[in-house]
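Structure, as structure tokens:
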Amino acid sequence: MTPGQVLQDVFGYTGFRPGQEEVVARLLRGKDCVCIMPTGGGKSLCYQVPALVLPGITLVVSPLISLMKDQVGALVQAGVRAAYLNSSLTPRQLQLAMQRARDGWYRIIYVSPERLMTPAFLSLCAALTISMVAVDEAHCVSQWGQDFRPEYRQIPAFLRTLPRRPVVGAFTATATPQVQRDIRKWLELRDPFCMTTGFDRSNLRFFVESPRDKKAALLRFLRPRKRQSGIIYCATRKNVEDITEFLRDNGYPAVRYHAGLEPEERTKSQEDFLFDRAPLIVATNAFGMGIDKSNVSFVVHYNMPQSLEAYYQEAGRAGRDGNRADCLLLYGKSDVMTARFLIEHREESENAFPLSPKEREEARQKDLEKLRQMTFYSTTHTCLRRFILRYFGQEYDQENCGGCSVCLSLPRDSAAAPARVSAPSRRRGILQGDGTDVDPALLEELKKVRLSFARRLGVPAFTIFTDATLLDMCRQRPQTPQELRQVSGVGEGKLRRFGDAFLRVLTSRL
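My numbering puts the sequence shown at residues 4 to 513.
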């Protein structure tokens, strides 16, 4: 099949988004690529589409088990033979997956970076035809990145063990110019084609508030969002415990997530959130990278993060379905002291990769400079969107973005208080969520059908269909399989598996 046929028949999209087609074409011609697209911009399709056109197998190096599970789950629902190899598998499951790989069963295999240089995996790869290696979350290779993983630097050594070097693609959403240089250097990319579609997430609105009472501000923000899904980030485990208890006392069924909890509770909290059993999760930054939940409507930072990279990545977990979403930072001066303390004690508290005294001091100075930039963002009186984009090396020429608390002239002590927002229509509904022009009852019925499939298959609901796809169903109101096939995100595999159930709802509401 051609890339266009794969895009339409497998994934259900009639056309590529900006930048995707160019990256796909270069990879198919055997040219290494660096692809920087904002969260929700379609990075995964840039390697999934060529993986289904190329012969043999594509390996995807991915940093987190949760990310692998979600990506593979979504591919399987679309009818793609995919698997993951990581520590969540039992020895028997791992043995079966590796045997199926040898038998040519899979087209795409996700693997953790720690597994690359293990004897068993190297033996497997020697027997496979590997056409492409995709490096997801490629910023993890850089010490300037917010999620440095030294295991990522083994990737070039792994490539050298293969009988033939495959084409390599590196993909990320957050990379400053320095991190981009590190990606090319440490992954040893060969004259790569670089595609940066920009860092702007136009569907996100950014708000900074400096309230006298953070808890009251949080409740004001949450009150109109009781049925929406959101993440509340806190700087410390103690904050997570405190805010979770506070929300539960006020009638919000929040779950908690931090590294101090038992693994069973962390897993349950994450799955309750992903499966829409809990609308709110309160977490430290231990939660998040690779969380591919499409219907997160808001992200609140109860404390200021340590860097703009971390902030933008965490805030970017909202609005992945393309719908309007809000990102609120509740800033307090004590946040700076907390962040500085965490930086100074990073090695002890986070088991950081061993560094020499000189390297340790260099890393500390880098982190303190990032903290200064984060503090400037939290206190600026200029457009928040422009501040973020310029930090990542992208110019933003508009004087007024119309989607941040500065450009909307919201008071810094009441950005989360809808009742105090003035009347112009572009400010109406600020931080209350804008409505979508569809029948809400129909949308709710479609979500129930989706949830029933998800529970039966044991996968997150968004791997069946995203909210954006359900909204498109509501707008188009298809009545036949052929019409349903025209809905964005409905490919042939999902049409066969799920189409009849959704059509019954759609046809019954004429």
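Idealized CB from N, CA, C, for every residue including glycine.
Taking a cut-off of 8 Å on C-beta distances, the segment 205-223 does not touch the segment 73-81, as fewer than three cross pairs fall below it.
Inter-residue distance for L445 and V508 is about 8 Å (C-alpha atoms, whole angstroms).
Here K361 is exposed, its C-beta having fewer than 16 other C-beta atoms within 10 Å. Comparing alpha-carbon positions, the option among F301, L332, R327 and I39 lying closest to Y314 turns out to be L332. Spatial neighbours of E154 in its own chain (CB-CB distance under 6 Å, excluding positions within 5 residues in sequence) are listed in chain order as P116 and E117.
DSSP places V9 in the helix class (H, G or I) of the three-state scheme.
Relative to A173, the option among K373, H384 and W189 whose CA is nearest is W189. In terms of Cα proximity to S297, the closest of D252, P282 and A321 is A321. In the structure shown, F124 adopts helical secondary structure according to DSSP, grouped into three states. L411 carries a coil assignment under DSSP once its states are collapsed to helix, strand and coil. In the DSSP assignment, G172 falls within the beta strand (DSSP E) that extends over V170 to T175. Residue pairing by DSSP places Y314 in no beta bridge whatsoever.
Straight-line spacing of the CA atoms in L506 and F276 works out to 28 Å.
Rounded to the nearest whole angstrom, the C-alpha separation of G107 and V56 is 15 Å. A buried status is given to M307, since no fewer than 16 other beta-carbon atoms sit within 10 Å of its beta-carbon. For F209, the pairing in a beta bridge is given by DSSP as C330 and C407. Across the structure, P169 and V493 are spaced so that their CA atoms are roughly 31 Å apart.
For S272, the CB contacts under 7 Å within the same chain, skipping 5 residues up- and downstream, are V258, R259, Y260 and I284 in chain order.
The Cβ-Cβ distance between Y109 and S65 does not fall below 7 Å.
Our two residues, E495 and L62, have alpha carbons roughly 24 Å apart in a direct line. Between D150 and H304, the alpha-carbon positions lie close to 18 Å from each other. Nearest to L487 by C-alpha distance, out of T510, I391 and F465, is T510.
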